[in-house]
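**Q**
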Amino acid sequence: MNALDRVAIAGAAESDLGRCPHLSPLGLMAQATLRAAADAGLSPGEIDGVFTVSQYHAASSLSFCEYVGLRPRYHETTNIGGCSFVAHLRHAAGAIAAGMCETALIVYGSTQRSDGGRLVTKSEVQTYEVPYGAIFPISQFALIAQRHMHEYGTTAEQLAEVAVAHRAWAGMTPNAYERDPITIEDVLASPLVSSPLHRLDCCLVTDGGAAVILTTRERAQSLAQTPVHVLGAAEGFTHRNIAAMEHLTVSAAAVTGPAAFAEAGLGPAEMDFVQLYDAFTITPIVILEDLGFCDKGDGGSFVEGGRTAPGGALAVNTTGGGLSHCHPGMLSLFLLVEAIRQLRHDCGARQVPGAEVGVVHGLGGTFAAAATAVLARGG
Amino acid sequence: MSDRRRDKPRPEPRGEERHFFEAAAGGHVGLNRCRACGRFFLPRAVCPFCWTAEPEPVLACGRGSVYSFTVCHRAGAPGFEADLPYVVGLIELEEGVRLVANIVSVDAEAVLIGMPVEAVFEDRSDGLFVPQFTPA
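Here the protein sequences come in this chain order: A and B.
Number 180 in the working numbering belongs to position 196 of the first sequence; there are no gaps in the numbering.
Number 7 in the working numbering belongs to position 27 of the second sequence; there are no gaps in the numbering.
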């Protein structure tokens, strides 16, 4: 039996989001953990596996477990960038299936908005790239966007469509950081930061935390929520430094998407929604191509005309994502929480009607790593 | 008065990585070439294509083309404020290796993907030289 078939997602929650000067990163992680445990209907003391990454704590699970008083028998701090938490989902399934823990917590928190409104990172000096003044990580994604425009004729207007669509979803999300509608013209009129990316092509910098609890299928059946199942999951990697990214317009999603869909026995056409890592407006375009929602190079035209906005043919980032809802530095756990809520039919005005299955895709670093999970509403 | 060149971020090369910066001080782009498969790459102790150990330190020809680029409209690091707007390029060398570097001595609006470029070497003071690129 596949490890994924033995587990279910039982709890999910966000901490306070946006500006949270009243809590530390550990405080936000603890708040999200209590909310996720309450959501699942279990005691935090039942958590015996902790999966976390932090940009604040070198031994992040130790700092967190001391803070909240947990004594897990399984720790994991795999850091492959912002997609780490989708990878943790797969790793936690393996640990539970192997009997190394029974109830796994995946948790994250950051106060990068309150800390000065810039990306907080423990990233080391990149020997061959640091002398050149690239605006990390904006310039690296700008190089990708520029190349995509060169190879496929993708336009600044098409990039802007992504920001406009995600902002429209955020308008229906009560705790979204930016909720006022914007237009393509607004995006193009915002200052260029690193061409071709304007300020409104770039994600938010917010505070926030999130937590997801995974346990055995049997245990989940007796808990409070409709379980969410993981039908397929995959991880991939291409590079660390942008100069080593072989095809600047093809990410590791081109490997993880097909692998996760194959494991799930489903394809893009069967997805009720997509939650993907929208660090910059170029990333949804590349990810939708790589996951197979359209052909390589067609991502720009695919997002035109509000196709991924509310009322469009494909619901993408139904909270507003990193561009408009929240982006506390590492996004994928927030995408996972929203996918779980959509599958439980808990999303109010932005609910995708009757959502039964969806895909979550995270990227790590500068499109360096990837993790994909196909999730379904359990019975 | 502070030396703006000294304000810019400085790499911390160790071991085999020093070849790149020692070569730059001598006016060359320093790479490694695998003794078995012949492919070029940035200095490292093993070929990442065929895993043969102890690649050969070599000097590249210094010519290449712009694979991609971005114009920075705010300073991404200390010391770059006076350069605004400046170009960060992704340069594909004739040896097949890509490098991040600034594209200098050119109007930012004139930079194009595919443009031929050649290496020039910028003195960042205190013995540090870094490759930069300019239209060939």
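Virtual Cβ for every residue (Gly too), placed ideally from N, Cα, C.
Mark Arg57 (chain A) as exposed unless 16 or more other C-beta atoms lie within 10 angstroms of its C-beta, in which case mark it buried.
**A** exposed
**Q** Here's the rule: buried if 16 or more other CB atoms are within 10 angstroms of the residue's CB, otherwise exposed. What is Ala43 (chain A)?
**A** exposed
**Q** Give, in chain order, every unbroken run of the beta strand (DSSP E) that is at least 3 residues long and sits entirely within the stretch 123 to 182 of chain A.
**A** 176 to 178
**Q** How many angstroms separate the CA atom of Glu(-2) (chain A) from the CA atom of Pro158 (chain A)?
**A** About 13 Å.
**Q** Run through DSSP, which three-state label would Gln110 (chain A) get?
**A** coil
**Q** To test your reading of the DSSP string, which unbroken alpha helix (DSSP H) runs of 4 or more residues are found completely within the stretch 272 to 329 of chain A?
**A** 283 to 286, 305 to 308, 316 to 328
**Q** Can you tell which of A:Pro9, A:Val270, A:Ala118, A:Ala(-4) has its C-alpha closest to the C-alpha of Tyr318 (chain A)?
**A** It is Phe, not Tyr, that sits at residue 318 (chain A) in the sequence shown. The candidate whose alpha carbon is nearest that of Phe318 (chain A) is A:Ala(-4).
**Q** For Cys52 (chain B) and chain A, any beta-carbon pair shorter than 8 Å?
**A** yes
**Q** Does the beta-carbon of His6 (chain A) have 16 or more other beta-carbons within 10 angstroms, so that it is buried, or is it exposed?
**A** exposed
**Q** Closer than 8 Å between beta carbons: that is the criterion. Which residues of the stretch -19 to 6 of chain B meet it against chain A?
**A** Listed by position along the chain: Lys(-12), Pro(-11), Arg(-10), Pro(-9), Glu(-8), Pro(-7), Glu(-3), Phe0.
**Q** Following the continuous alpha helix (DSSP H) through His231 (chain A), name the residue where it begins and the one where it ends.
**A** That residue, His231 (chain A), is in no alpha helix (DSSP H); it is neither H nor E in DSSP.
**Q** Buried or exposed for Phe29 (chain B), please, with buried defined as at least 16 other CB atoms from any protein chain shown within 10 angstroms of its CB.
**A** exposed
**Q** With H, G and I counted as helix, E and B as strand and the rest as coil, what does DSSP make of Tyr58 (chain A)?
**A** strand
**Q** Does DSSP classify Met(-19) (chain B) as helix, strand or coil?
**A** With a pLDDT of 42 at Met(-19) (chain B), under the threshold of 50, the modelled position of that residue is not reliable, and no figure is offered here.
**Q** At 7 Å on the CB atoms, spell out the chain A contacts of Gly42 (chain B), in chain order.
**A** In chain order: nothing, as chain A lies at least about 16 Å away.
**Q** Taking the Cβ atom as the reference point for each residue, do His182 (chain A) and Ile271 (chain A) lie within a distance shorter than 8 Å?
**A** no
**Q** Would you tell me roughly how many angstroms separate the C-alpha atoms of Met(-19) (chain B) and Ser105 (chain B), rounded to the nearest one?
**A** At Met(-19) (chain B) the pLDDT is 42, less than 50, meaning the model places this residue with poor confidence and gives no usable figure here.
**Q** Would you say the beta carbon of Gln209 (chain A) comes nearer than 7 Å to a heavy atom of the ligand ZN?
**A** As far as ligands go, the structure on display features none, and thus does not contain the ligand ZN.
**Q** Closer than 7 Å, Cβ to Cβ, to anything on chain B: give me those residues from the stretch 119 to 146 of chain A, in chain order.
**A** Cβ contacts with chain B come from Ile119, Phe120, Ser123, Ala126, Leu127, Gln130, Arg131, His134.
**Q** Could you tell me whether the Cβ of Thr111 (chain A) comes closer than 8 Å to any Cβ of chain B?
**A** It does; some Cβ of chain B falls within 8 Å.
**Q** Would Asp368 (chain A) be called buried (16 or more neighbouring beta carbons within 10 Å of its own) or exposed?
**A** Past the edges of chain A, shown from -15 to 363, lies residue 368 (chain A), and the structure says nothing about it.
**Q** Helix, strand or coil: how does DSSP classify Tyr66 (chain B) here?
**A** Strand at Tyr66 (chain B).
**Q** Check Asp0 (chain A) in the structure and name its three-state DSSP category.
**A** strand
**Q** Per DSSP, which one or two residues make a beta bridge with Glu50 (chain A)?
**A** Its beta-bridge partners do not exist; DSSP assigns none.
**Q** Report yes or no: do the stretch 156 to 173 of chain A and the stretch 117 to 136 of chain A share at least 3 C-beta pairs separated by less than 8 Å?
**A** As far as the Cβ criterion goes, the stretch 156 to 173 of chain A does not touch the stretch 117 to 136 of chain A, which means the pair count is below three.
**Q** Is there a Cβ from chain B that is less than 8 Å from the Cβ of Val114 (chain A)?
**A** yes
**Q** Who pairs with Gly66 (chain A) in a beta bridge, going by DSSP?
**A** A:Ile64
**Q** Using the Cα positions of Gly304 (chain A) and Ala354 (chain A), report the straight-line distance between them to the nearest angstrom.
**A** 20 Å
**Q** What did DSSP end up calling Phe120 (chain A) once you bin it into helix, strand or coil?
**A** coil
**Q** Just to confirm my understanding: we take Ala55 (chain B), look at its own chain, exclude 5 residues before and 5 after, and list those with CB closer than 6 Å. What are they?
**A** Glu61
**Q** Along the alpha helix (DSSP H) that carries Phe60 (chain B), what are the first and last residues, could you check?
**A** Counting along the chain, Phe60 (chain B) falls outside any alpha helix (DSSP H), and DSSP gives it neither H nor E.
**Q** Quick check on Pro111 (chain B): buried or exposed, where buried means 16 or more other Cβ atoms within 10 Å of its Cβ?
**A** buried
**Q** Near Val114 (chain A), which residues of its chain fall below 7 Å by C-beta distance, leaving aside the five closest residues on each side in sequence?
**A** Shown here for Val114 (chain A): not one same chain residue has a beta carbon closer than 7 Å to its own, the five before and five after excluded.
**Q** Since Val46 (chain B) sits in a beta bridge, which residues does DSSP pair it with?
**A** B:Ile71
**Q** Just curious, the beta strand (DSSP E) that His345 (chain A) is in, first and last residue?
**A** 341 to 348
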